[in-house]
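Reviewing the structure listed below.
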Amino acid sequence: MAYRDQYAGHQEFNPYSNPQPHASYEEPHAAAFDNYGPGYQDTAYSGAGPTKTRDPDELSSGFDRGEFGTPRGEKAQNFSQYRREYRSENLWTKGGRVSCIGRFCCCTLFIAIFLIVSIILALALWIRPPSIVIGTAGLTSAGTSGIQFQSSGIIVPLEVNISVNNPDYFSVEMKKVTLDLTYPLNGNDTAIGNGSTSDVTFHSHSNTTFTFPFEIDYQFSSDPNYSILLDMASKCGLLGGTQSDLTIDYKINVDLRVVIIPVSPTISNSFSISCPFDESDLLNFIKSLGLDSLSGLL
Numbered sequence: 001m002a003y004r005d006q007y008a009g010h011q012e013f014n015p016y017s018n019p020q021p022h023a024s025y026e027e028p029h030a031a032a033f034d035n036y037g038p039g040y041q042d043t044a045y046s047g048a049g050p051t052k053t054r055d056p057d058e059l060s061s062g063f064d065r066g067e068f069g070t071p072r073g074e075k076a077q078n079f080s081q082y083r084r085e086y087r088s089e090n091l092w093t094k095g096g097r098v099s100c101i102g103r104f105c106c107c108t109l110f111i112a113i114f115l116i117v118s119i120i121l122a123l124a125l126w127i128r129p130p131s132i133v134i135g136t137a138g139l140t141s142a143g144t145s146g147i148q149f150q151s152s153g154i155i156v157p158l159e160v161n162i163s164v165n166n167p168d169y170f171s172v173e174m175k176k177v178t179l180d181l182t183y184p185l186n187g188n189d190t191a192i193g194n195g196s197t198s199d200v201t202f203h204s205h206s207n208t209t210f211t212f213p214f215e216i217d218y219q220f221s222s223d224p225n226y227s228i229l230l231d232m233a234s235k236c237g238l239l240g241g242t243q244s245d246l247t248i249d250y251k252i253n254v255d256l257r258v259v260i261i262p263v264s265p266t267i268s269n270s271f272s273i274s275c276p277f278d279e280s281d282l283l284n285f286i287k288s289l290g291l292d293s294l295s296g297l298l
């Protein structure tokens, strides 16, 4: 049986043997854009030409509408015009004579205040607080003879030496210092005396010691049950026990003047004072109150 070629008589396809050339690119005719209205030109094909001017309403950018400042040249021109209009006249002598004098006084006052505050703050950087040492309180030079036994109470004149070391390079003035005494007993603080002094100067880089006078002013009106008198008599050994010091709380208020700055520190502590009374004098005073013995106080 003979084999028959089914592809016999067919022409072989060659893609590179197509005799028909590709269609060449032809520039569209300008007439194709005529229907877009007058004044339209396609610059991509016809080259640079006149462009259509947009209306202000068509501006879509804030920079185009001038919302973000004026151009640099215009700004410089406005600033120069402002200086010509408002800076041409001398501001110091602007206005009448009264305005000029008032302006001068105000400026001088503010400059003076600024200098004073600056000087004070500069000095404050170098200020060191003075150190205060309070000595032991005791009777004055008059001794027990200075004690006054009255029908209303007892007055005991005392004094204490106070040393102040001033390390600063300027003097410190103590205008006034006051002291208040209280007697602590059974959880109660009863006012029992006071003292004051004034006009003491602590010179720069010096140690100053002065005597501060005060007094115990014990009044029966503030102690109707004689509780404080009994406690003092007990610590003085009138009840047969050993003698001990009287404990009296104090509060000192100091009014200092550092340069021109007032300073008011407060010092609180306790004095330990030896029995200031003579045993016989105190006993006679108790008897004068109508009490035959200390047991009557109990």
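The opening residue of the sequence shown carries number 1 in the UniProt record's numbering; numbering runs sequentially from there. Note that the Cβ used here is the ideal one computed from N, Cα and C, for glycine as well.
Residue i and residue j closer than 9 Å at C-beta
i       : j       : result
Ile-252 : Ser-268 : yes
Gly-193 : Val-156 : yes
Asp-245 : Ser-272 : yes
Tyr-250 : Leu-185 : no
Thr-190 : Pro-276 : no
Gly-153 : Ser-196 : no
Gln-243 : Ser-274 : yes
Ile-127 : Asp-168 : yes
Straight-line Cα distance separating residue j from residue i
i           : j       : result
Pro-129     : Asp-199 : 19 Å
Thr-211     : Ile-228 : 27 Å
residue 303 : Phe-285 : Here the chain covers residues 1 to 298 and nothing more, so residue 303 does not appear.
Ser-88      : Thr-108 : Confidence is the limiting factor: at Ser-88 the pLDDT is only 49, short of 50, which leaves the residue's position unreliable, though a coordinate-based value still follows. So the two alpha carbons sit approximately 25 Å from each other.
residue 311 : Glu-279 : The structure shown does not extend to residue 311, since the chain spans only 1 to 298, so no value can be given for it.
Val-98      : Ser-264 : 44 Å
Gln-150     : Thr-266 : 32 Å
Ala-112     : Leu-123 : 17 Å
Met-232     : Gly-290 : 18 Å
CB-CB length for residue i against residue j, believed under 8 Å
i       : j       : result
Asn-166 : His-203 : 7 Å
Val-208 : Val-164 : The sequence as given places Thr at residue 208; Val does not occur at that position. Going by Cβ atoms, the distance from Thr-208 to Val-164 rounds to 5 Å, so yes, they are a contact pair.
Cys-236 : Leu-282 : 6 Å
Leu-158 : Gly-138 : 7 Å
Run of the beta strand (DSSP E) containing residue i, from where it starts to where it stops
i       : result
Gly-195 : 188 to 202
Asn-284 : Segment 279 to 288 is the alpha helix (DSSP H) holding Asn-284; no beta strand (DSSP E) there.
Arg-257 : 246 to 258
Start-to-end residues for the alpha helix (DSSP H) that takes in residue i
i       : result
Ile-111 : 97 to 124
Asp-217 : It is not in any alpha helix (DSSP H) - Asp-217 instead sits in the beta strand (DSSP E) that spans 206 to 219.
Cβ-heavy atom distance, residue i to the ligand SAM, below 8 Å
i       : result
Gly-138 : Judged by which ligands are present, the structure shown has none, so any question about the ligand SAM falls away.
*asked:* Is it the case that the region 169 to 177 contacts the region 256 to 263, given that we only count it when at least three CB pairs across the two stretches are under 8 Å?
replied: Contact between the region 256 to 263 and the region 169 to 177 is present, because at least three Cβ pairs lie under 8 Å.
*Within the chosen definition, does the region 210 to 220 reach the region 96 to 103 through at least 3 CB pairs nearer than 8 Å?*
Touching, no, given that fewer than three Cβ pairs across the two stretches are closer than 8 Å.
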